[in-house]
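Q:
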Amino acid sequence: MSNPFQLTAAELQAALKPALPLFPELDAARADLAAMQELPGVRLALAKTEPLMADIQAIPHTTYTRYRCFLRTGDRDTYEEQYFRKRHCLSAAALRLFLGRDDLKDLVQDYIWNICEETNWVLPAHERRPIDLFSAETGFLLAETLALLGPTLDGEVRSRVRTEIERRIFLPYLLHHEVMGWYRGGNNWNGVCNSSIAATFLWLEPEGERVAEALAIALAGLDYFLDAAFESDGSSTEGVGYWQYGLMNFIALAEMLAARSGGELDLLGAERVRRIAAYPARMLLSGSSFASFSDCHETVDFNPGIIARLAARTGEDSLFDLLAKPVEFADDWRLPMMLRNAFWWDGSQRDAGQIGDAVLEVGATARLTARTPAGLPIVLAIKAGHNAENHNQNDIGSFLVHVDGENLLTDPGPGLYSRFYFGPQRYENIFANSYGHSVPRIGGQLQGVGREFAGQLVGVETAGPHKRVQIEFARAYPAPNLTSLRRQATLAAAGEEAGTVWLEDAFAFAGQPAGVEEAFVTWGEVEVAGGTALIRGERHSLRLTIETPAGAAFRLERLEEASKANLKPEVLKRLTVALPPAVEIVARVRMETA
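When we follow this note's numbering, the leftmost residue of the sequence shown carries the number 26, and every step to the right adds one.
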């Protein structure tokens with residue numbers, strides 16, 4: 026068949042076979058619920074959601090006052106905690122009802138009815154949008170709950186769900202999808218919303234012209250998602266966490282379409298999907314730790330069913346590294362994900378393998394690896410890119426030094442999500458601007474905001490006793506006299522110095538030079554003694570020594586107020602080195618385990 030993303034509604038209608046199941050594993054499980062309860066994914070879901078059952082009778086309150094808290098103060102959590110807990114509780118109770126807890130029927134129906142009673146399924150932070158990420162996912166959740174429980178639920182409850190999805194999701198999507206910014210957007214919103222809505226249509230309208238029309242609309246949007254949300258080498262500028270979020274409903278939809286079409290519609294078979302599937306393992310540092318560029322957290326947990334199914338469909342074996350021991354899995358208790366974890370993951374976890382070098386030239390990131398003479402694994406990760414990326418932070422040149430499972434120099438991840446973080450004040454936050462990253466200030470200036478502020482990965486060497494990455498990023502700064510800023514990160518891979526990192530920055534100015542402040546950020550405790558600094562982690566330490574210029578010294582700044590305001594569990598520390606103004610100057614710092 027031709028490209029499934031570009032099929033007409035008539036072609037899609039012809040490909041769909043209503044007699045075939047949408048979720049064959051679920052249909053098979055109905056015949057043997059006792060066996061289903063023994064599946065590793067089901068046992069995991071039941072164990073992890075048991076705390077929700079302790080006060081399951083108390084339906085979380087999504088009140089007006091909580092809803093308006095975002096508008097009044099910028100706070101998201103007050104409402105969102107209740108909103109998501111309600112959906113997780115519904116999922117936990119619905120799974121148990123399906124498995125035989127008949128006493129939960131009324132409670133499940135009350136949760137469904139309560140969600141249907143919500144004035145708006147769209148989060149307060151997204152109120153101006155007719156459909157957002159979570160309203161689309163709410164539709165998918167409710168539709169799959171109806172599919173799971175069927176006639177167990179009262180007819181008027183099932184009818185109410187269909188009515189609410191029709192007015193909140195189906196009609197706005199069919200009539201106004203083209204004016205929804207995410208519909209052909211180049212980020213995770215596209216993948217989440219189009220996939221969730223298409224899956225909801227499949228559950229509630231198994232055949233007919235309208236479901237085919239909706240699928241044609243969704244697949245056209247998702248075609249753009251795969252091309253625009255990911256670089257040609259498969260990388261995502263949003264980071265690994267949003268890579269998973271953007272794809273997981275897409276993978277669920279892809280399998281539903283493959284099942285309903287008897288394999289005729291294959292969304293996961295394209296080479297571009299395999300390249301996308303290879304991305305997260307190239308950002309892996311160890312265990313659940315990933316390069317935390319942009320708004321990516323320093324640790325990311327995965328849905329094992331989604332990862333295992335993507336690996337099976339693409340043949341990308343590196344995906345299983347995301348599930349390797351001793352990794353724990355995402356606390357994602359939405360019913361669609363719980364069911365796919367149950368049926369698509371066999372409970373296996375392989376031993377963690379050795380992480381190697383990785384370069385994503387289009388994504389402008391590199392990972393270099395080595396071991397110290399004592400055998401400690403060292404990972405150096407660094408990025409270039411530009412300052413208008415998805416979930417952007419002004420972090421061109423940012424790098425991490427990861428020692429045996431912990432970041433001793435870090436990229437500190439996102440700031441607190443609030444109205445201010447996603448508004449004009451975003452870059453006043455040190456976790457979004459370059460002040461909170463291991464990059465210089467030039468003449469007191471931080472990096473600029475926008476596509477024109479950019480850096481280039483100009484060279485990577487992974488062979489030989491010294492591995493190197495070079496980045497040119499003078500253009501990242503609004504400093505017209507700065508003609509070149511060449512950052513070279515070197516990792517010794519052999520000999521007595523194996524595992525040692527050198528960071529060398531070469532600055533060149535035309536005309537009047539500016540003063541330069543180098544910076545290194547860490548969550549660890551820091552001791553400073555002139556031109557040396559010792560960073561202490563939980564298990565290991567990293568010694569930094571200024572090799573050039575002679576006589577330069579470290580200064581320590583504790584970013585306590587910003588860390589507290591962004592609800593960080595630790596205080597971010599910023600080590601700085603002041604360089605005197607000069608037309609040309611080089612700074613070089615040596616970093617080694619201590």
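Just so you know, even glycine gets a beta-carbon here, dropped at the ideal spot from N, CA and C. Just so you know, these numbers come straight off a predicted model, no measurement behind them.
#1: Could you tell me the distance, in whole angstroms, from the CA atom of Leu-592 to the CA atom of His-151?
#2: Please report the straight-line C-alpha distance between Ala-619 and Ala-519, rounded to a whole angstrom.
#3: Which residue or residues does DSSP assign as beta-bridge partners of Pro-402?
#4: Helix, strand or coil for Arg-338 per DSSP?
#5: Inspect the beta-carbon positions of Asp-346 and Gly-381 and report whether they are closer than 8 angstroms.
#6: Identify whether Asn-432 lies in helix, strand or coil by the three-state DSSP scheme.
#7: Grab the span of the alpha helix (DSSP H) containing Arg-500 for me, first residue to last.
#8: Compute the Euclidean distance between the alpha carbons of Asp-320 and Tyr-267, then round it to the nearest angstrom.
#9: Whole angstroms is fine: what's the gap from Arg-153's alpha carbon to Gly-475's?
#10: Near Leu-129, what residues of its chain come up, given a Cβ to Cβ distance below 7 angstroms and the 5 sequence neighbours on each side ignored?
#11: Where does Asp-100 fall in DSSP's three states?
#12: Is there contact here, the region 358–373 with the region 443–461, by at least three beta-carbon pairs under 8 angstroms?
#13: Please go through the same chain and pick out, in chain order, the residues whose beta-carbon is closer than 7 angstroms to the beta-carbon of Pro-606, but skip the five residues on each side of it.
#14: Measuring alpha carbon to alpha carbon, tell me which of Ala-517, Ser-566, Arg-500 ends up nearest Thr-487.
#15: Taking the straight line between their C-alpha atoms, what separation do you get for Val-67 and Tyr-452?
#16: Under 6 angstroms Cβ to Cβ from Ala-239, same chain only, skipping five residues before and after it: list those, please.
#17: Is Gly-99 near Ser-313, with beta carbons less than 8 angstroms apart?
#18: Please report the distance separating the alpha-carbon of His-86 from that of Trp-146.
#19: Which residues in the same chain as Ala-355 place their Cβ atom closer than 7 angstroms to its Cβ, once the five residues preceding and following it in sequence are excluded?
#20: Glu-232 and Pro-43 look like a contact to me (Cβ under 8 angstroms); what is the Cβ gap, rounded to whole Å?
#21: For Arg-359 and Arg-112, which I take to be in contact (beta-carbon distance under 8 angstroms), what is that distance rounded to the nearest angstrom?
#22: Within 10 angstroms of the Cβ of Asn-28, are there 16 or more other Cβ atoms? Answer buried if so, exposed if not.
#23: Please tell me whether Ser-257 and Tyr-304 are closer than 8 angstroms, where the distance is taken between their beta carbons.
#24: Met-616 by DSSP, collapsed to three states: which one?
#25: Assuming contact is defined by CB atoms lying nearer than 8 angstroms, are Phe-318 and Asp-436 in contact in what I supplied?
#26: In the DSSP assignment, the alpha helix (DSSP H) including Ala-284 goes from what residue to what residue?
#27: Are the CB atoms of Gly-468 and Asn-412 within a distance shorter than 8 angstroms?
#28: Rounded to a whole number of angstroms, what is the C-alpha to C-alpha distance between Val-186 and Ile-137?
#29: Tell me which same chain residues have a C-beta within less than 6 angstroms of the C-beta of Leu-441, skipping the five on either side of it?
#30: Using only the alpha-carbon positions, how far apart do Asp-530 and Arg-613 sit?
#31: In the structure shown, what three-state DSSP assignment does Asp-128 receive?
#32: Hey, Thr-570 and Arg-615 are a contact pair by Cβ (cut 8 angstroms); roughly how many whole angstroms apart?
#33: If you run the structure through DSSP and keep just helix, strand and coil, what is Asn-419?
#34: Quick one: Cα of Ile-496 to Cα of Leu-393, how far?
#35: If you draw a straight line from the C-alpha of Leu-41 to the C-alpha of Arg-285, how long is it?
#36: Which of the three DSSP states, helix, strand or coil, is assigned to Thr-508?
A: On the basis of the supplied data:
#1: About 22 angstroms.
#2: So the alpha carbons of these two residues sit roughly 18 angstroms apart.
#3: For Pro-402, which the question treats as bridged, DSSP gives the partners Arg-396.
#4: In the three-state reduction of the DSSP assignment, Arg-338 falls in the helix class.
#5: Against a cut-off of 8 angstroms, the Cβ pair of Gly-381 and Asp-346 comes out as no contact.
#6: Strand, per DSSP.
#7: Neither: Arg-500 is in no alpha helix (DSSP H) and is coded neither H nor E.
#8: One C-alpha to the other measures close to 9 angstroms.
#9: Between Arg-153 and Gly-475, the C-alpha separation is close to 25 angstroms.
#10: Within the same chain, and ignoring the five residues on either side of Leu-129 in sequence, the residues whose Cβ sits closer than 7 angstroms to its Cβ are Ala-118, Arg-121, Leu-122.
#11: Here Asp-100 sits in strand by DSSP.
#12: The region 358–373, when compared against the region 443–461, does not touch it at the 8 angstroms Cβ threshold.
#13: Excluding sequence neighbours, Pro-606 sits near Pro-538, Ala-539, Gly-540.
#14: Of the candidates Ala-517, Ser-566, Arg-500, the residue whose Cα lies closest to the Cα of Thr-487 is Ala-517.
#15: Taking the CA atoms as reference points, Val-67 sits about 43 angstroms from Tyr-452.
#16: Here Ala-239 has Phe-226 as same chain residues with Cβ atoms under 6 angstroms from its own Cβ, once five neighbours each way along the sequence are excluded.
#17: Their beta carbons are not under 8 angstroms apart, which means Gly-99 does not touch Ser-313 by this criterion.
#18: For His-86 and Trp-146, the distance between alpha carbons rounds to 14 angstroms.
#19: Only residues of its own chain outside the window of five on either side were considered, and among them Asp-326, Phe-327, Asn-328 have a CB closer than 7 angstroms to the CB of Ala-355, listed in chain order.
#20: By a beta-carbon distance limit of 8 angstroms, Glu-232 contacts Pro-43. Their separation comes to about 4 angstroms.
#21: Correct: roughly 6 angstroms between the Cβ atoms.
#22: So Asn-28 ends up on the exposed side.
#23: In this structure, Ser-257 keeps its C-beta atom at 8 angstroms or more from the C-beta atom of Tyr-304.
#24: Met-616: strand per DSSP, three-state reduction.
#25: Yes.
#26: Its alpha helix (DSSP H) spans residues 265–285.
#27: For Asn-412 and Gly-468, no; Cβs fall outside 8 angstroms.
#28: Cα to Cα, Val-186 sits roughly 8 angstroms from Ile-137.
#29: For Leu-441, where only same-chain residues beyond five positions count, the Cβ hits under 6 angstroms are Asn-591, Leu-592.
#30: Our two residues, Asp-530 and Arg-613, have alpha carbons roughly 6 angstroms apart in a direct line.
#31: Asp-128 sits in a helix when the DSSP states are folded into three classes.
#32: Correct: roughly 5 angstroms between the Cβ atoms.
#33: DSSP places Asn-419 in coil when its eight states are reduced to three.
#34: Straight-line Cα distance between these residues: approximately 14 angstroms.
#35: Cα to Cα, Leu-41 sits roughly 6 angstroms from Arg-285.
#36: Correct three-state label for Thr-508: strand.
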